[in-house]
Every structure is written in structure tokens, then in C-alpha cells.
Amino acid sequence: MDSRTRSIIIGIAALFILAILFGIIFYFNWLSSKPSQPTLPQLSSTPGPQVLPTPVSASATTTQTKIYAGQGFEFDYPANWGLLTCQGNQNIEFDPVSSTDQKNVACNEAVKPITVIVSDTCPGQTITLGNNQVTKSTTNISTGHVDYEWCLNVAGKGLDITHRVSVAGAPAHSKLDYSAQVEQMISTIRPSAK
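Here is the structure:
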């Protein structure tokens, strides 16, 4: 084999090796920029103030509201939110991105980012919202999810209100943080004659 043929073979081999190296670098760069899927989230639940991920906060100013009337209680919520009522119980859900209402849905699991479960109270830090004493807790999950939870008793019923936020927009989560609007809604909860 002459030196020219050997040089051509070495050049082709070098180009092949460089192509493989660039392919590997490109692949790992693509993998690192791809959003990761949550596996088993690590929970760190502690009541009180915490450092939260920074989901985009939704504007808290809402001028128009609708009234939800449950059995023995009622409250105002933003008019542009959709309402989902559950079949066979008093649990409800809110959709802050769609004003479409869904009535008497078979509720097996949460499908909207804001839920109200009529149940017992839950642990957390006690705060005052409007005329209501509310127990508030926040759970940070390592995948970037934030779960807010507020509990209060009104007219002999325990209301467990949860708002789930995920910057990746996971199912039953919101990319926007509506906790200010939820707290405004909670501040309007009152007993009713119904």
C-alpha cells in the first residue's frame, strides 16, 4: 500500500471518529435540554414559609366573580374559571384556563389544578383570610411541583382546598401559580342558608 492510499484511509478513519464524537456530544446535549419526566418524587412537607420554585404568578386582580353555593356554605370565584362538580359528593374543581363548566362528573381523581374536597381539616400554619381562620401548608416536590393546601371549617363542614403548580404543566397541575386568587376566593367563604 502506497503512502497516498494510507493517507486517504487514515483521513477517512479520522473523519469517521470525529463524526462519532460529534454525534455523541450532540446526543448528550439534546438529552440534557429535554425536560425530564418525573419518576418517584421526593416530598418535603413542612408547614410554614418555604422557598418555592418560581412558577409564573398569575395576576391576582379579578373584577368579575361568580358565586358557588354548596350545602351550608358559599363563596365567590373568578367568573372566567370553569367549575367541575362531582357526582355523588360535594367535591368541586376549578379550571382557571377555561370557563367551561362540567356538572355531575364521576370524580375518581383530580383533573383540574384547583380542588375543593369537603372533608376533615388538615395540618399546617394557621392564617386569616377575610373572616376565616385557615390552615395553610405548602409541599415542594423535587420535580418542580408545588402543592398548596388550605383547610377550614365553615358551617360544620371541613373544606380541603388544594392548588397544584408545575412549570412543566403536568396533568391536574397549572403552569401558572393561582395561589393569590385561591386565597382571595377563600377569603369570601361564608355560611349560607342553603
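Residues in the sequence shown are numbered from 584 upward in steps of one, following the numbering used here. Don't be surprised by glycine CBs; every beta carbon is placed ideally from N, CA and C.
Mind checking which residues open and close the beta strand (DSSP E) that includes residue i?
i      : result
Val765 : Counting along the chain, Val765 falls outside any beta strand (DSSP E), though it belongs to the alpha helix (DSSP H) covering Ser762 to Ile769.
Pro679 : Segment: none, Pro679 is in no beta strand (DSSP E) and carries neither H nor E.
Asn714 : Asn714 -> no beta strand (DSSP E), and no H or E assigned at all.
Val737 : His728 to Val737
Pro754 : No beta strand (DSSP E) contains Pro754, which DSSP labels as neither H nor E.
Val701 : Ile697 to Ser702
Gly583 : One cannot answer for residue 583 here, as it falls past the ends of the chain, which runs 584 to 777.
Gln654 : Gln654 -> no beta strand (DSSP E), and no H or E assigned at all.
Val688 : Gln685 to Val688
Roughly how many whole angstroms lie between the Cα atoms of residue i and residue j?
i      : j      : result
Leu598 : Thr588 : 15 Å
Val694 : Ile608 : 39 Å
Thr709 : Ser682 : 31 Å
Ser590 : Pro754 : 58 Å
Gly594 : Ser586 : 12 Å
Pro679 : Gln654 : 23 Å
Thr771 : Thr721 : 21 Å
Gly665 : Thr718 : 25 Å
Asp684 : Leu667 : 6 Å
Pro696 : Gly606 : 40 Å
Ile592 : Gly752 : 52 Å
Cys690 : Lys740 : 20 Å
Asn663 : Thr648 : 8 Å
Ser762 : Val688 : 25 Å
Asn714 : Leu759 : 27 Å
Met584 : Ile603 : 27 Å
Pro661 : Ile650 : 9 Å
Arg773 : Lys686 : 23 Å
Since I believe residue j is in contact with residue i (beta carbons under 8 Å), could you give me their beta-carbon distance rounded to a whole number of angstroms?
i      : j      : result
Ser775 : Ala652 : 6 Å
Ile724 : Trp733 : In fact, because the Cβ distance is near 18 Å, the residues do not count as touching under 8 Å.
Phe658 : Met768 : 6 Å
Leu712 : Glu676 : Wrong, their Cβ atoms sit about 20 Å apart, outside the cutoff.
Leu742 : Gln716 : That belief does not hold up - the Cβ atoms of Leu742 and Gln716 are roughly 12 Å apart, past 8 Å.
Determine, using beta carbons only, whether residue i comes closer than 9 Å to chain C.
i      : result
His746 : The structure shown has no chain C; it contains just one protein chain.
Worksheet entry | At least three beta-carbon pairs within less than 8 Å, the region 670 to 679 to the region 693 to 704 | Yes, the region 670 to 679 is in contact with the region 693 to 704.
Discussion item. Across the region 742 to 752 and the region 726 to 733, are there enough close Cβ pairs to call them in contact, namely three or more that are closer than 8 Å?
Written reply: Contact between the region 742 to 752 and the region 726 to 733 is present, because at least three Cβ pairs lie under 8 Å.
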